[in-house]
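A short write-up of the structure that comes next.
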Amino acid sequence: MKEIIFPQSLKKGDKIALISPAGAVEESQLEKGIKLIEYNGYEPVLGKHLYTKYSNGYNYAGTEKERISEMKWAFNNEEIGAIWASRGGYGCQHLLRHVQLSKFKKKPKWYIGYSDNTVVQSFLLKNYFASIHGQTIKTSSFGVTDESYDLIFDILKGKKPTYSIAKNELNKVGTAAGTLVGGNLALIYALLGTTYSFNFKDKILFIEDIGENFYALDRMLISLDLAGVFRNIKGLIIGGMTNMGDEKDNKSYEESFDQFAYKIISERVSKYDFPVAFGFPNGHIHDNRPLMIGANITMNVAEKVLIEF
10 MKEIIFPQSL KKGDKIALIS PAGAVEESQL EKGIKLIEYN GYEPVLGKHL YTKYSNGYNY
70 AGTEKERISE MKWAFNNEEI GAIWASRGGY GCQHLLRHVQ LSKFKKKPKW YIGYSDNTVV
130 QSFLLKNYFA SIHGQTIKTS SFGVTDESYD LIFDILKGKK PTYSIAKNEL NKVGTAAGTL
190 VGGNLALIYA LLGTTYSFNF KDKILFIEDI GENFYALDRM LISLDLAGVF RNIKGLIIGG
250 MTNMGDEKDN KSYEESFDQF AYKIISERVS KYDFPVAFGF PNGHIHDNRP LMIGANITMN
310 VAEKVLIEF
């Protein structure tokens, strides 16, 4: 198998492109993130359509043509050292057929984002490029810890993370090693059967989600099972399951590790013998710590869960 390519570490003064590949954003929503980029010694370069708005049943950050143009510019501009998505939402799937990597291959860049950006990260990994599944520039309505951003900057500087998380009663004890794939479950599900889907063979899968009805969550898990995903993976890590269930039953963003959602997941993978770790701090949650998609990791699930890159 071809080796995964990791972008070079950034140096002080390097440029980071800010783009909006999916939902629209307001300038005020990016102020904190832009200041953090500058504080860490990098130059934020705002995409032409970063604040563009186009509505067609959903508030996009521009038309498909505008967002495709923005993506092409960021990916193939040799002066750019990393690309940071302003937010997720919906719309990244529109872009996949049009993304060109000719110049990107000569100078790979870190792509940073989560949620809808999962499809871009899957596309990159299909082309053997690693990416960062982490907090977008937009500060979420439920807030973001300082560590969520600090750890992204650590990765940009070349430092790999190690995570130790508390035990969960639904965990399945064991040890596994493999390449990390995954992200938002709804997008992993949406890509099944396409040329852009992750290759799950001997991988460790990470999933997170927000706002899905419990029956929809179960449907997605069954689809992954029918597609052979759970037969192929070597380990499973579950992050935030936020605001899940019927709308009338929704609680708050503070209850990000929905135990009923966790029980559904646990039951669906119970027949498999790979280790399972619940409660990883990544997703639509306050403490959204970055993961390196495409990196080789080890996971040790015991009294505590240790994940090392």
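Per our numbering, the sequence shown starts with residue 10, numbered consecutively.
No residue lacks a Cβ here, since even glycine has one placed at the ideal position from N, Cα and C.
Note that this is a predicted model, so its numbers are computed, not measured.
Check: How long is the line joining the alpha carbons of Glu217 and Leu27, rounded to whole angstroms?
Finding: 24 Å
Note to self: Short of 6 Å in beta carbon distance, which residues of its chain neighbour Tyr63, apart from the five on each side in sequence? Order them along the chain.
What the structure shows: Tyr69, Gly71, Thr72
Next item on the list: Tell whether a beta-carbon distance below 8 Å holds between Lys169 and Asp211.
Entry: no
Notebook entry, point to check: Between Leu233 and Tyr271, is the Cβ-Cβ spacing less than 8 Å?
Noted result: no
Next item on the list: Leaving out five residues on either side along the sequence, give the residues of the same chain with a beta carbon under 8 Å from the beta carbon of Ile273.
Entry: Phe223, Leu226, Asp227, Leu230
Notebook entry, point to check: Which residue from Pro284, Asn136, Tyr281, Phe289 puts its Cα closest to that of Ile247?
Noted result: Phe289
Notebook entry, point to check: Is Ser331 helix, strand or coil by DSSP?
Noted result: As displayed, the chain neither begins before 10 nor continues past 318, which places residue 331 out of reach and without an answer.
Next item on the list: Name the one or two DSSP bridge partners that Ala26 has.
Entry: Val54, Ile92
Item checked: alpha helix (DSSP H) segment containing Val128, residue limits -> 127-135
Notebook entry, point to check: Using the beta-carbon count (16 or more within 10 Å), is Tyr48 buried or exposed?
Noted result: exposed
Check: Leaving out the 5 sequence neighbours to the left and right, which residues in its chain are closer than 7 Å to Phe15 when beta-carbon positions are compared?
Finding: Ala139
Next item on the list: Go to Met308, then tell me how far its beta strand (DSSP E) extends in each direction, as first and last residue.
Entry: 305-310
Notebook entry, point to check: Between Tyr60 and Ile146, what straight-line distance do the alpha-carbon atoms span, to the nearest angstrom?
Noted result: 13 Å
Notebook entry, point to check: What did DSSP end up calling Met250 once you bin it into helix, strand or coil?
Noted result: strand
Check: Do the CB positions of Gly97 and Asn126 come within less than 8 Å of each other?
Finding: yes
Check: Ordered along the chain, which non-local residues of its own chain (more than five positions away) have a Cβ less than 8 Å from that of Ala185?
Finding: Ile213, Lys243, Gly244, Phe283, Pro284, Thr307, Met308
Item checked: Lys243 at chain B interface by Cβ criterion, 8 Å -> No chain B is present in this structure, which holds just one protein chain.
Notebook entry, point to check: Alpha carbon to alpha carbon, how far is Gly202 from Leu235?
Noted result: 11 Å
Notebook entry, point to check: For Phe266, which residues of its own chain have a beta-carbon under 6 Å away from its beta-carbon, when the five flanking residues on both sides are left out?
Noted result: Gly288
Margin query: Looking at the strands, I want to know which residues DSSP matches up with Phe287.
Written below: Ile247
Item checked: Three-state class that DSSP yields for Asp296 in the structure shown -> coil
Item checked: C-beta atoms of Gly187 and Asn305 nearer than 8 Å -> yes
Checklist line | Spatial distance of Glu40 from Ala94 (CA atoms) | finding: 14 Å
Item checked: Where Gln402 falls, given that 16 or more other Cβ within 10 Å makes a residue buried -> Nothing can be reported for residue 402, as the shown portion of the chain is limited to 10 through 318.
Notebook entry, point to check: Secondary structure at Ala195, three-state DSSP: helix, strand or coil?
Noted result: helix
Note to self: Rounded to whole angstroms, what is the Cα-Cα separation between Ser150 and Glu221?
What the structure shows: 18 Å
Next item on the list: Specify, as a first and last residue, the run of the alpha helix (DSSP H) that Val238 falls within.
Entry: 238-241
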